[in-house]
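Data first, discussion second: the structure below is written as structure tokens.
There are 2 protein chains.
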Amino acid sequence: MLHVAEAARVSVATVSALINGTATVSPELSQRIEQAIRDIGYKRNAIARSLKMGTTRTIGLTVPHITNPFFTDVVSVIQQAFDRAGYAVMLCCTDEHLNTQDDQIRLLLDRMVDGLIVARVGDGAILKRIVDDANVPVVLLDRVCQGVDTDAVVLDNQRAVFDAITYLIDLGHRRIGYISGSFDISPMHDRMAGYREALQTAGLPAEPELVRFGNFHEVDGYNATMQLLSLHDRPSAIFSANNPMVIGTMKAIRDIGLSCPEDISVACFDDFPWSDVFRPQLTTVAQPVQAIGEQAANLLLDRLAGNRDAPPRKLTLKGRLMIRNSCRPLGAIAQSVSA
Amino acid sequence: MLHVAEAARVSVATVSALINGTATVSPELSQRIEQAIRDIGYKRNAIARSLKMGTTRTIGLTVPHITNPFFTDVVSVIQQAFDRAGYAVMLCCTDEHLNTQDDQIRLLLDRMVDGLIVARVGDGAILKRIVDDANVPVVLLDRVCQGVDTDAVVLDNQRAVFDAITYLIDLGHRRIGYISGSFDISPMHDRMAGYREALQTAGLPAEPELVRFGNFHEVDGYNATMQLLSLHDRPSAIFSANNPMVIGTMKAIRDIGLSCPEDISVACFDDFPWSDVFRPQLTTVAQPVQAIGEQAANLLLDRLAGNRDAPPRKLTLKGRLMIRNSCRPLGAIAQSVSA
DNA sequence: AACGCTAATCTAAACGTTTCGATCATGTCA
DNA sequence: TGACATGATCGAAACGTTTAGATTAGCGTT
Chain E
64 MLHVAEAARV SVATVSALIN GTATVSPELS QRIEQAIRDI GYKRNAIARS
114 LKMGTTRTIG LTVPHITNPF FTDVVSVIQQ AFDRAGYAVM LCCTDEHLNT
164 QDDQIRLLLD RMVDGLIVAR VGDGAILKRI VDDANVPVVL LDRVCQGVDT
214 DAVVLDNQRA VFDAITYLID LGHRRIGYIS GSFDISPMHD RMAGYREALQ
264 TAGLPAEPEL VRFGNFHEVD GYNATMQLLS LHDRPSAIFS ANNPMVIGTM
314 KAIRDIGLSC PEDISVACFD DFPWSDVFRP QLTTVAQPVQ AIGEQAANLL
364 LDRLAGNRDA PPRKLTLKGR LMIRNSCRPL GAIAQSVSA
Chain P
64 MLHVAEAARV SVATVSALIN GTATVSPELS QRIEQAIRDI GYKRNAIARS
114 LKMGTTRTIG LTVPHITNPF FTDVVSVIQQ AFDRAGYAVM LCCTDEHLNT
164 QDDQIRLLLD RMVDGLIVAR VGDGAILKRI VDDANVPVVL LDRVCQGVDT
214 DAVVLDNQRA VFDAITYLID LGHRRIGYIS GSFDISPMHD RMAGYREALQ
264 TAGLPAEPEL VRFGNFHEVD GYNATMQLLS LHDRPSAIFS ANNPMVIGTM
314 KAIRDIGLSC PEDISVACFD DFPWSDVFRP QLTTVAQPVQ AIGEQAANLL
364 LDRLAGNRDA PPRKLTLKGR LMIRNSCRPL GAIAQSVSA
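Chains as they are written, first to last, in this note's numbering: chain E, 64 to 402; chain P, 64 to 402.
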């Protein structure tokens, strides 16, 4: 900018005024300055600007795994929304790892991001401290945590799983395996609660042996399914609480020589774009990814626009059960259907 | 830092020296300073540091679509690599849109990213200018462009498609539909060349009606497939040059009342993590996503480490044909197989 | 002619770091 | 004792912006 000012024989203040339109500058100088800008190929340095202004027009976004299609879609939507609003997005993947997440958030805050969208990992204790210290608005995505009182967008997980399990029960299933993700994040609690509630409502017992835990990865779903399938009295249906794990479930079923849905029914949380065309066509709980991403972006953009003092807003969206053909009717129901 | 210095009754220079270890500071002062840092909860401001140092320890990464599993995987690998190296990643999705891409790259450069990894869109003219102006190292990913002489990581696309088409020909297919992405990026040229080469090698004619173009999206694959399937003499096999489009292909096949592989064989570029378990199990050309991401990251990290003047390096990796069961043998071959 | 008003422009401080060179105390050696 | 090297610390400039307040010129009023 200094060079531009010299070339145009004006002060830097005038150049700044012209660029930002913060003051009127005469046509004559305007022209000289614009010419100089072109000649020199001047580009405003956003870092210097950020330092002075105290805002970077950048937000931080952390997700556990970007390869999980749910997060991929949400990230994509969020990225677009902020792009439109003139913000850049710094993306971090925590790989479900607590320390990584905390480090990354600190890193983002050091870089003066104007806001954060966090699909968190682990208990919220450290997250809470970080967020309290930092003076930037935070939106929690998918996963809330107790004690962190801030904007959030979540799904009605309990209801969604309740619907799915009830659907299986209505089909005649009585022993329904359930593969949960680690219990330290809120959705896993709520989803489990939905499972239990559905069993209870139907008057079915909650058998501990039917519940397995994994750490969200395909291999965890594989191992959990192997265990379920080698039970003495094996389940007739399996529900997987996240979608990378269901791939593992399908692999285990194949490896053990069974087939879905003939021998065992499968449903899972989170939809796939290809579920309609590849067989078995998975019955899933679809999350409204577009809406989730947009709402999260809007909440944050609203705070960034200055609405700092409004009380925390928690948006709860509804999942949708996508019934396809990976679950088959059982017993009396199957007979009445085939009759 | 000023507050810390005051609290510790030292100068800011000393605080800086301690934090960065750039000079020895006495145990006594060290202790006072560390105490002050803790008391105040001081965090170094990375923006001010960037301004002074001329480096942000941030890189820019632009990809066409993050929802394309190929890019998702590559982004994930790159993100991890830079995370390990202490860099942040600014992610941009260009949505295959030229202006968006150029704007985003300019935005990234304004923010003083230390380097760029670009899976580009459009012809390289503007990209070239931007890259030449900018004084940062650039690595091209997946897509090179003429005239932009810089580090690059690409696949041997021609060879990979040649192998896949030859495989189909060996199965007895003679009329093989080919669905290409837009022709303005290098891989689409090379893949088409592989298709043509395979036909020619086998002495088959190149029939223009068998070649269709789409813009990388599922719907484009759907439309292209619809056109191919309504040909008077329809192809017995279809190869889709990218993976979102193949979903459209499968949908079109289903909607038209055919089934794969019984009525028509399908193969495509880019693998899916679930291809092994869902039917039809797609035969694909798998790209070594891990290697691609790592190599791209390494090329850039090497430049960032100071190796600026080395000549441009272009790494070409090999694809791998994953033969599954979405393509069936035809004619004489089929009979000898079933005999 | 003196005054005040407005519009255009400029000067200089500030944002929070890093770093060069200066300063100063201390110990060593001739 | 004086000269000098060493090590620790500090002062101040610089990075490239923004912006408050000062300055200046031009013009209309009285």
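Glycine included, C-beta positions come from ideal geometry on N, C-alpha and C.
What number of angstroms, rounded off, separates the C-alpha of residue i from the C-alpha of residue j?
i        : j        : result
E:Ala287 : P:Ile228 : 39 angstroms
P:Ala68  : E:Asp136 : 46 angstroms
E:His128 : E:Arg192 : 23 angstroms
E:Pro213 : E:Pro374 : It is Thr, not Pro, that sits at residue 213 of chain E in the sequence shown. One C-alpha to the other measures close to 8 angstroms.
P:Val194 : P:Pro271 : 37 angstroms
P:Leu367 : P:Leu203 : 15 angstroms
E:Glu159 : P:Ile248 : 36 angstroms
E:Ser89  : E:Met116 : 26 angstroms
P:Pro200 : P:Lys381 : 25 angstroms
P:Phe276 : P:Phe332 : 15 angstroms
P:His280 : P:Ile319 : 19 angstroms
E:Asp372 : E:Gly210 : 18 angstroms
E:Asn198 : P:Ala109 : 15 angstroms
P:Ala71  : E:Asp102 : 49 angstroms
P:Asn83  : P:Ala76  : 11 angstroms
P:Leu291 : P:Val216 : 33 angstroms
P:Ile189 : E:Gln353 : 32 angstroms
E:Val184 : E:Asp166 : 12 angstroms
E:Ala402 : E:Arg237 : In this prediction, E:Ala402 has a pLDDT of 44, which is less than 50 and means its spatial position is unreliable; nothing more can be read from the coordinates.
P:Ala111 : P:Gly149 : 18 angstroms
E:Asn278 : E:Val181 : 19 angstroms
P:Asp173 : P:Asn361 : 24 angstroms
P:Gly104 : E:Thr264 : 51 angstroms
E:Thr157 : E:Ile168 : 10 angstroms
E:Glu267 : E:Ile301 : Note that residue 267 of chain E corresponds to Leu in the displayed sequence, not to Glu. Their backbone Cα atoms lie some 16 angstroms apart in a straight line.
E:Ser74  : E:Gln94  : 14 angstroms
P:Asn220 : E:Thr379 : 45 angstroms
E:Asp146 : P:Leu171 : 12 angstroms
Whose C-beta lies closer than 6 angstroms to the C-beta of residue i among residues of the same chain, with five residues either side of it excluded?
i        : result
P:Val224 : Arg254, Gly257 and Tyr258
P:Ile100 : Val67
P:Ala86  : Ala80
P:Ile96  : Ala71, Val78 and Leu81
P:Asp226 : Leu384
Can you find the residues in the same chain that come closer than 7 angstroms, C-beta to C-beta, to residue i, ignoring five residues on each side of it along the sequence?
i        : result
P:Met175 : Ser113 and Thr119
E:Val282 : Gly311
Can you name the residues that DSSP bridges to residue i?
i        : result
E:Met230 : The amino acid at residue 230 of chain E is misidentified as Met; the sequence shows Tyr. Its beta-bridge partners do not exist; DSSP assigns none.
P:Ser243 : P:Phe276
E:Ile122 : E:Val152 and E:Gly178
P:Asp212 : Per DSSP, none; premise fails for P:Asp212.
E:Lys377 : E:Ala215
P:Ile301 : P:Gly240 and P:Val329
E:Val202 : E:Ile180 and E:Asp214
P:Ala349 : P:Arg383
P:Arg72  : For P:Arg72, which the question treats as bridged, DSSP gives no partner whatsoever.
E:Arg342 : P:Arg342
State the CB to CB distance for the pair residue i and residue j, rounded to an integer number of angstroms; the pair is presumed to be in contact (CB under 8 angstroms).
i        : j        : result
P:Gln164 : P:Thr125 : 6 angstroms
P:Arg342 : E:Arg342 : 5 angstroms
P:Leu154 : P:Gln350 : P:Leu154 to P:Gln350, Cβ: 20 angstroms. No contact.
P:Ala330 : P:Leu231 : 7 angstroms
P:Lys314 : E:Val340 : 5 angstroms
For residue i, which residues from the same chain have a beta carbon less than 8 angstroms from its beta carbon, with the 5 sequence-adjacent residues on both sides left out?
i        : result
P:Gln344 : Ser338, Arg387, Asn388 and Ser389
P:Arg391 : Leu234, Pro324, Glu325, Ser328 and Ala397
E:Gly178 : Ile122, Gly123, Val199, Pro200, Val201, Val202, Leu363, Arg366 and Leu367
E:Phe335 : Pro132, Asn306, Leu345 and Thr347
P:Gly187 : Cys208, Gln209, Gly210 and Val211
P:Arg107 : Met64 and Ile82
Return yes when at least one heavy atom of the ligand SAH lies under 6 angstroms from the C-beta of residue i, else no.
i        : result
E:Ile316 : Judged by which ligands are present, the structure shown has none, so any question about the ligand SAH falls away.
Touching by the beta-carbon criterion (3+ pairs, under 8 angstroms), the region 280–299 of chain E and the region 256–268 of chain E:
Segments in contact, no.
Flag this pair as touching only if the region 342–360 of chain E and the region 140–156 of chain E have three or more C-beta atom pairs under 8 angstroms; answer yes or no.
yes
Between the region 232–252 of chain P and the region 300–312 of chain P, can you find at least three pairs of beta-carbon atoms closer than 8 angstroms?
By the criterion of at least three beta-carbon pairs nearer than 8 angstroms, the region 300–312 of chain P is in contact with the region 232–252 of chain P.
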